Structure formats: C-alpha cells, structure tokens
Amino acid sequence: MKQQVNPQQTNRASAFEMWIKSPMPMVTLTKTFDITHLIKVSRRKELKLNMLLCWCIGKAASNIEEFYLLPEKEKLFQYDSLSINVIVPNKNGGINSCDIKYREDIAQFNKDYLQLTKQVSEKSESIFEEETMVIGTSAVVATQIDSIVNQYTDLFSNPMLMWGKYYKKYFKHKLAISFQFHHVQMDGGQAAQFLEQLQKTINAL
C-alpha cells in the first residue's frame, strides 16, 4: 500500500528540506561484487542468475527502512512492500517493463519472475506494481561495464541498480553494480549499508 506522509514526522525530514527541489537529486555509488557463490547456486539449482540477483536485492533492501520511503512530485510517500523491476525484451524486438513483488520465499519469487517476464515478453505489455516501492534494475550483459549512470531526472526517483557482464579474476567471478538513489530517500551511509548487505545476502544464499 502507498500513502502520503508528512516528511517532518520521518527520519528524512532534513534531507527532504535540502534535496526535494534539487534539479539533480540522484546519487550513484558503484561497487564490485563477488558473485561466485551466486553463479554456483544458479548452475546447481538451474535457476536464472538474474532472478537470483533480483531476489538478493529485494532481500537486502527489505531490512533497510529508508527503502520504504520515496519522494514524488515534492511529496513523500511510504510503502509497506517492495517490488523489483526488470527490463524484458519483447517478441517485437523492443523492451517492456516488468515489476515483480519481492517475496521472502525465493521459490515463489522465482515462479512469479518466470511467469510475469514470459507474459510481458509475449504480449509486449508492461506490468506495473504502483502500490509497492519499486527498485529498478537494468542488466546490460552484452559487455563488461565498470559503471553506469542513469538519467538524472525528477520524473523517476526510484532507486535503481545497473550492471553489465560479469568477469573472472583470480578464480572469482566479479560484477560491478551501480546503485542510484534519490538523496531524499537515503544518505550515503544507508546506501553503503545496503551494498554491504547485498554482498552478505549473495554469500549466504
């Protein structure tokens, strides 16, 4: 559920005052992750690597309260659930957007992921979960990328994670992930906490 809240009654009050009218309020951090364990799980369980990474993102974000607040049109909204957005190639050669509700049960999340992305691909119609806080993702796997910076616009304030092709170094599989977020939603400290939690979640899967 989505509901408007008074920024002054949240822990983002000062950040709201400072950044809500900023023409460029987005911040991007990039961290290189060790996804060796994730690849092993993907191969052993025959699960899509992208699905596993999306679930880990949802799991890590679900324990950080700032992810449930989001500025929009100079207002602040609070959510009680999360979704992960993936970009899906469609049958017409274009792309569509697909929001998948985060679920603690990874088997259920996997089922939803496969069903919804297939539906979007076949129908060329996007699926949106407007009552959940959506975390965007974008995988540009055609090449290895050190960092990605998305549009800096007030039209889209949701947090977003972006990555390219993973690579191998010293017997480990590495993946650089860029994390973009609105400064009203969180500060660098919470963003860093999320990135650390994401690596721990990957390792513990």
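For the sequence shown, my numbering gives the first residue as 1132, with consecutive numbering after it.
Glycine residues also receive a C-beta, built at the ideal position from the N, C-alpha and C atoms.
These numbers were taken from a predicted model, which means no experiment stands behind them.
Given residue i as reference, the closest of the options once Cα atoms are compared
i: S1252; options: D1236, I1218, V1272, V1280; result: I1218
i: K1305; options: Q1239, K1162, Q1324; result: K1162
i: K1148; options: K1232, A1307, R1174, Q1316; result: The residue you asked about is not Lys; residue 1148 is Glu in the sequence shown. It is Q1316 whose Cα lies nearest to the Cα of E1148.
i: Q1328; options: S1193, S1269, H1168, V1265; result: S1193
i: I1266; options: Q1275, T1274, Q1330, C1185; result: C1185
i: I1237; options: L1207, I1333, S1278; result: I1333
i: T1263; options: Q1239, A1307, Y1199; result: Y1199
i: S1309; options: N1241, E1205, S1269, L1160; result: L1160
i: V1158; options: M1291, A1307, P1220, K1331; result: M1291
i: D1318; options: Q1275, M1132, A1146, P1138; result: A1146
Environment of residue i [buried if 16+ CB atoms lie within 10 Å]
i: D1230; result: buried
i: N1142; result: exposed
i: F1302; result: exposed
i: G1189; result: buried
i: N1101; result: The question about residue 1101 has no answer, for the chain in this structure spans 1132 to 1336.
i: F1325; result: buried
i: F1164; result: buried
i: M1293; result: buried
i: E1261; result: exposed
Three-way DSSP call (helix, strand, coil) for residue i in this model
i: Q1340; result: Given that the chain is displayed from residue 1132 to residue 1336, the structure contains no residue 1340 and the question cannot be resolved.
i: H1313; result: strand
i: F1287; result: coil
i: S1257; result: coil
i: T1167; result: helix
i: Y1244; result: helix
i: I1237; result: helix
i: T1332; result: helix
i: K1303; result: strand
i: T1176; result: In the sequence on display, residue 1176 carries Lys and not Thr. Helix at K1176.
Length of the line joining the Cα atoms of residue i and residue j
i: G1224; j: K1296; result: 21 Å
i: H1313; j: A1323; result: 14 Å
i: L1180; j: C1187; result: 11 Å
i: Y1233; j: L1183; result: 12 Å
i: N1227; j: P1202; result: 24 Å
i: F1134; j: F1208; result: Per the sequence shown, residue 1134 should be read as Gln rather than Phe. If I take the Cα positions, the gap works out to 5 Å.
i: S1153; j: Q1311; result: 16 Å
i: L1245; j: D1277; result: 28 Å
i: A1335; j: R1175; result: 15 Å
i: I1170; j: E1235; result: 20 Å
Cutoff 8 Å: residue i Cβ touching any chain C Cβ
i: L1201; result: No chain C appears in this structure, which consists of one protein chain only.
Next item on the list: Only counting runs of 4 or more residues, tell me where the alpha helix (DSSP H) segments fall wholly within the segment 1180-1230, in order along the chain.
Entry: Counting only runs of 4 or more, we get 1180-1193.
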